[in-house]
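Heads up: the structure comes next, in structure tokens.
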Amino acid sequence: AAAPATPPTAPPPTRSRSEERNAAVRATLTPLTPGERPWALKIAAALAVLIGGGDLGVVIVNGSFSVGNAHAGGSGVILFSVLMLVCAAGMWQLRYWAVLGFQAILAFVILFFSLLLLRANNVLAVVAALAVVGGGGYLFYKLVRVLSRLQMPKPPGRV
Numbered sequence: 004a005a006a007p008a009t010p011p012t013a014p015p016p017t018r019s020r021s022e023e024r025n026a027a028v029r030a031t032l033t034p035l036t037p038g039e040r041p042w043a044l045k046i047a048a049a050l051a052v053l054i055g056g057g058d059l060g061v062v063i064v065n066g067s068f069s070v071g072n073a074h075a076g077g078s079g080v081i082l083f084s085v086l087m088l089v090c091a092a093g094m095w096q097l098r099y100w101a102v103l104g105f106q107a108i109l110a111f112v113i114l115f116f117s118l119l120l121l122r123a124n125n126v127l128a129v130v131a132a133l134a135v136v137g138g139g140g141y142l143f144y145k146l147v148r149v150l151s152r153l154q155m156p157k158p159p160g161r162v
């Protein structure tokens, strides 16, 4: 009697080159030490302090906040300023949520200034918008690696 035929085995799945590169990069990542603050994190924290403190100072001195012909309500500016200052303090203390929150705000700023490029009617507006989009995009890119090196908090009950 003939032996039953064994089904052909599929070759093991191969990893794509991008997966191999990702694994190689992940292998080189080391968590930040308690006092270590990469330059991108320092710049992001300083930027958050300058924006939050500056906006808050303008509202306290003038009682309102205006850019060009647009006037913002004082309470909204105060709320945003406090958010930026809390974000700066959290980033300085190497908190994952603070860097992630700052990146979210930065993404909206980049998007907003990208849309302003469509309405720019002079060279200064174009240069300013491109500077914010370019600088913000580069800072966002650099903060991704910082975020990957930060220790994400563990959910309660997990080891």
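According to the working numbering, the sequence shown holds residues 4 to 162 in order.
For glycine and all other residues, C-beta sits at the position ideal for the given N, C-alpha and C.
Remember, it's a predicted structure, so these values are computed and weren't measured experimentally.
- Residue pairing by DSSP places A75 opposite F68 in a beta bridge.
- In the structure shown, the three-state DSSP call for A123 is coil.
- Sixteen is the threshold: when 16 or more other Cβ atoms of the shown chains lie within 10 Å of the Cβ of F116, as they do, the residue is buried.
- Nearest to R18 by C-alpha distance, out of A27, L118, T12, L127, is A27.
- In this structure, DSSP gives A43 a helical state, which the three-state scheme calls helix.
- Here H74 is near S67, since their CB atoms are less than 8 Å apart.
- Boundaries of the alpha helix (DSSP H) around T31: 20 to 31.
- Less than 8 Å separates the beta-carbon of I113 from that of F143.
- Ranked by Cα distance from V149, the first of A131, L133, W95 is W95.
- If you draw a straight line from the Cα of G138 to the Cα of L119, it is about 15 Å long.
- Rounded to whole angstroms, W42 and A49 show a C-alpha spacing of 10 Å.
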